[in-house]
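The next block holds one structure in the form of structure tokens; read it before the comments.
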Amino acid sequence: MAFSERVSRLKSSLIREILAAAQRPEVMSFAGGLPAEAMLPKVEWAAMPLSIGQYGMSEGEPALREALAAQARSLGLACEASQVLVVSGSQQTLDLAAKLHIDVGTEVMLEAPTYLAALQIFQLFGADCITVPLEADGPDLKQLRARLERHRPAFIYLIPTFQNPSAVRYSEAKRDAVAALLDEFGVTLIEDEPYRELTFDGGSATPIASRLKKASWIYTGTVSKTLLPGLRVGYLIASADLFPHLLRLKQSADLHTNRIGQWQALQWIGTEQYRLHLSELRDFYRDRRDRFQAALQKHFSEIADWNVPQGGLFFWLTLKQPLDTRTLLAAALAADVAFMPGEPFFPEPDKHPGHLRLNFSHIDPARLDEGLKRLAGVVRGALAVKAA
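The opening residue of the sequence shown carries number 1 in the UniProt record's numbering; numbering runs sequentially from there.
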């Protein structure tokens, strides 16, 4: 077949395969990053103008771009609506950025671990992925400097607020230090913040992009975690030198983001209704986080370590006795429980055994204890076989 050479690097998404296998109603799933369906807001469509069904601007709806720019400025990001591009979920931002920057062999820098689907896109385009280990408050700065001195990455991709999968939130000091290093070495920043609004302790910090003085940047977010994932509405905001190229790439990809989803997002962004919804969402997820923590303590405290997330949707567990958690999937599904192995969140998965990413937002709390009990049983069984 006359396929492009990049197809040889195309990998299926393990998380999508797990979610497909976990469709049986009896399966208790901790695998996906799915919002709780009980918290998906009720939306109205009756007032939507008929004209929204027509083709639209590649940049996005002007009123929505203005609202997103205002929201970004409230976070400390100096920008205008002319720098906002509405995309088909923030996932499209990563695709456009990869098309803009990556040829086969291009070096890019990532956290270790990092977002699985970002890794999938960057490797598809042939990137050489250089990683920086994460500490409890952000990247290891000594190793970040060492890698920047040794390499010249096209960009660094960071998720500084409730990182997926680790739930790490960068400290103010780490954000300042990272920005200073990127300015010093002239490295473009791609800052991904899908979980910023899901904070459980009220803590907040301005984006790293807002602290840059010289380096180029792309800042991206989405309404998928706060409104409806099915809208597929996200956005990117970019420094002036990058925006025109990203716009042209968007035009060649899909002409424009669906206007119906954009219209619905505009009914919420910046409104009192949205503020109240976010407050309810935080309370709901905080309660689920607390219940999950209690169940983890009961069933996993002897076999794993973890930090309690202060926001986002995930717990990141590190087994005290490492093993390849991908080998546990079949046994877990046979026990009617699903989880996400940690190895695929690293560019070299075989070198990083012994982690599990568990989602706490979606599972019914009534099934939570039984699900974690079964999963812990699967892990204990594998550890016993390994020790034998």
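C-beta atoms are modelled at their ideal positions from N, C-alpha and C, and glycine is treated no differently.
Should Phe243 and Gln83 be called a contact, given that it needs their Cβ atoms to be closer than 9 angstroms? What you label residue 243 is simply residue 243 of the sequence shown in a count that begins at 1. What you label residue 83 is simply residue 83 of the sequence shown in a count that begins at 1. Contact flag set, yes.
On a Cα-Cα basis, can you pick out the residue from Val108, Leu328, Ala265 and Thr199 that is closest to Leu189? Along the sequence shown, read from residue 1 onward, the residue named residue 189 stands at position 189. Answer by Cα proximity: Val108.
Separation of Ala215 from Leu64, as counted between CA atoms: Counting from one through the sequence shown, the residue named residue 64 turns up at place 64. Counting from one through the sequence shown, the residue named residue 215 turns up at place 215. Cα to Cα, Leu64 sits roughly 27 angstroms from Ala215.
Classification of Ser90 by the beta-carbon crowding that lies within 10 angstroms, buried from 16 upward: Taking the first residue of the sequence shown as 1, we reach residue 90 at position 90. When all chains shown are included, Ser90 counts as buried.
Heavy atom of the ligand GTP less than 8 angstroms from the Cβ of Asp137, yes or no? Looking at this structure, you won't find the ligand GTP or any other ligand, since it has none at all.
Beta carbon of Phe122, beta carbon of Leu94: below 9 angstroms? Counting from one through the sequence shown, the residue named residue 122 turns up at place 122. Counting from one through the sequence shown, the residue named residue 94 turns up at place 94. For Phe122 and Leu94, yes; Cβs fall inside 9 angstroms.
Apart from the five residues on each side of it in sequence, which residues of its chain come closer than 8 angstroms, Cβ to Cβ, to Leu77? Against the sequence shown, residue 77 aligns to sequence position 77. Hits under 8 angstroms: Thr206, Pro207, Ala209, Ser210, Tyr219 and Ile237.
Below 8 angstroms on the Cβ atoms is my guess for Glu191 versus Leu227; work out the distance and round it to an integer in Å. As a first step, residue 191 must be located in the sequence shown, where it is residue number 191. As a first step, residue 227 must be located in the sequence shown, where it is residue number 227. That belief does not hold up - the Cβ atoms of Glu191 and Leu227 are roughly 21 angstroms apart, past 8 angstroms.
Name the two residues that bound the continuous beta strand (DSSP E) containing Leu356. Within the sequence shown, the letter at position 356 stands for residue 356. Looking at the DSSP string, the run of the beta strand (DSSP E) that includes Leu356 is His355 to Asn359.
As an exercise, report each continuous beta strand (DSSP E) stretch of at least 3 residues that is fully enclosed by the segment 143-208, in chain order. 155-158 and 188-192
Determine, using beta-carbon pairs with one atom in the segment 271-287 and one in the segment 118-135, whether at least three such pairs fall under 8 angstroms. no
On the premise that Ala167 lies in contact with Gly312, defined as a C-beta separation below 8 angstroms, what is that separation, rounded to the nearest angstrom? Numbered from 1 along the sequence shown, position 312 holds the residue referred to as residue 312. Numbered from 1 along the sequence shown, position 167 holds the residue referred to as residue 167. At roughly 5 angstroms, the Cβ-Cβ gap stays under 8 angstroms, so Gly312 and Ala167 are in contact.
With three or more beta-carbon pairs closer than 8 angstroms as the criterion, would you say the segment 322-332 touches the segment 350-357? yes
What residue range does the beta strand (DSSP E) around Glu280 cover? Here residue 280 corresponds to residue number 280 of the sequence shown, with the count starting at 1. No beta strand (DSSP E) holds Glu280; the alpha helix (DSSP H) holding it covers Glu272 to Phe300.
I need the boundaries of the alpha helix (DSSP H) containing Gly261, first residue and last residue. By one-based count along the sequence shown, residue 261 stands at place 261. Run containing Gly261: Arg259 to Leu266, per the alpha helix (DSSP H) assignment.
Does the segment 196-203 come close enough to the segment 12-32 that 3 or more CB-CB pairs lie under 8 angstroms? no
Where do the N-terminal and C-terminal ends of the beta strand (DSSP E) with Leu319 fall, by residue? Looking up residue 319 in the sequence shown gives position 319. It spans Phe314 to Leu319 - the beta strand (DSSP E) in which Leu319 sits, taken as one unbroken run.
For Thr220, which of helix, strand or coil comes out of DSSP? As a working note, residue 220 is residue 220 in the sequence shown. Reduced to three states, the DSSP call for Thr220 is strand.
Stretch-stretch touch, CB-based, cutoff 8 angstroms, three pairs: the segment 139-147 with the segment 373-384: no
Which residues in the same chain have their Cβ closer than 7 angstroms to the Cβ of Asp176, if we skip the five residues on either side of it in sequence? To locate residue 176, count along the sequence shown from 1; it is residue 176. Arg211, listed in sequence order.
Counting along the chain, where does the alpha helix (DSSP H) carrying Pro365 start and finish? Reading the sequence shown from its first residue, position 365 is the one you call residue 365. Element bounds for Pro365: Pro365 to Ala387.
Could you spell out where the alpha helix (DSSP H) holding Leu50 opens and where it closes? On the sequence shown, position 50 is the one that residue 50 refers to. Element bounds for Leu50: n/a, residue is neither H nor E.
Distance, Ala81 Cα to Leu333 Cα: Counted from its first residue, the sequence shown places residue 333 at position 333. Counted from its first residue, the sequence shown places residue 81 at position 81. Taking the straight line from one Cα to the other gives about 47 angstroms.
Nearest CA to the CA of Val87: which residue from Ile102, Leu231 and Ala295? Here residue 87 corresponds to residue number 87 of the sequence shown, with the count starting at 1. Cα-wise, what sits closest to Val87 is Leu231.
Cα-Cα, which of Leu119, Ala69 and Met57 is closest to Ser239? The residue labelled residue 239 in the question sits at position 239 within the sequence shown. Among Leu119, Ala69 and Met57, the Cα nearest to that of Ser239 is on Ala69.
Where does Leu305 fall in DSSP's three states? For the purposes of this step, residue 305 is taken as the residue at position 305 of the sequence shown. In the sequence as presented, Leu is not what sits at residue 305; that position holds Asp. Looking at Asp305 - three-state DSSP - the assignment turns out to be strand.
Nearest-angstrom Cα separation, counted from Glu26 out to Leu368: Residue mapping note: residue 368 aligns to position 368 of the sequence shown, counting from 1. Residue mapping note: residue 26 aligns to position 26 of the sequence shown, counting from 1. Leu368 and Glu26: Cα-Cα distance of roughly 13 angstroms.
Straight-line gap, Arg73 to Thr257 (C-alpha atoms, nearest Å): If you number the sequence shown from 1, residue 73 lands on position 73. If you number the sequence shown from 1, residue 257 lands on position 257. Approximately 23 angstroms, taken between the alpha carbons.
Can the beta-carbon of Ile56 be found closer than 9 angstroms to that of Gln264? Numbered from 1 along the sequence shown, position 56 holds the residue referred to as residue 56. Numbered from 1 along the sequence shown, position 264 holds the residue referred to as residue 264. Residue identity check: residue 56 is Gly in the sequence provided, not Ile. Not closer than 9 angstroms, so no.
From Asp103 to Pro365, what distance separates their C-alpha atoms? Walking along the sequence shown from the start, residue 103 turns up at place 103. Walking along the sequence shown from the start, residue 365 turns up at place 365. Going by the C-alpha atoms only, they are around 46 angstroms apart.
Beta-bridge partners of Pro341, as assigned by DSSP: Reading the sequence shown from its first residue, position 341 is the one you call residue 341. In DSSP, Pro341 forms a bridge with Leu356.
In angstroms with no decimal places, state the Cα-to-Cα distance between Ala31 and Ile18. As a working mapping, residue 31 is identified with position 31 in the sequence shown. As a working mapping, residue 18 is identified with position 18 in the sequence shown. The straight-line gap from Cα to Cα measures roughly 7 angstroms.
On a Cα-Cα basis, can you pick out the residue from Gln54, Ala21 and Pro49 that is closest to Leu255? In the sequence shown, residue 255 corresponds to position 255, counting from 1. Here the closest residue by C-alpha is Gln54.
Is the Cβ-Cβ distance between Gly100 and Leu246 less than 9 angstroms? By 1-based counting over the sequence shown, the position of residue 100 is 100. By 1-based counting over the sequence shown, the position of residue 246 is 246. Rather than Gly, the amino acid found at residue 100 in this sequence is Leu. Yes.
Less than 6 angstroms between C-beta atoms, sequence neighbours within five positions excluded: which residues of the same chain meet that for Val178? Your numbering for residue 178 matches position 178 in the sequence shown. The answer, listed in chain order, is Ile208.
Got a sec? Which residues, its chain only, sit under 7 angstroms from His299 by beta carbon, not counting five neighbours each side? On the sequence shown, position 299 is the one that residue 299 refers to. The answer, listed in chain order, is Leu372, Lys373 and Ala376.
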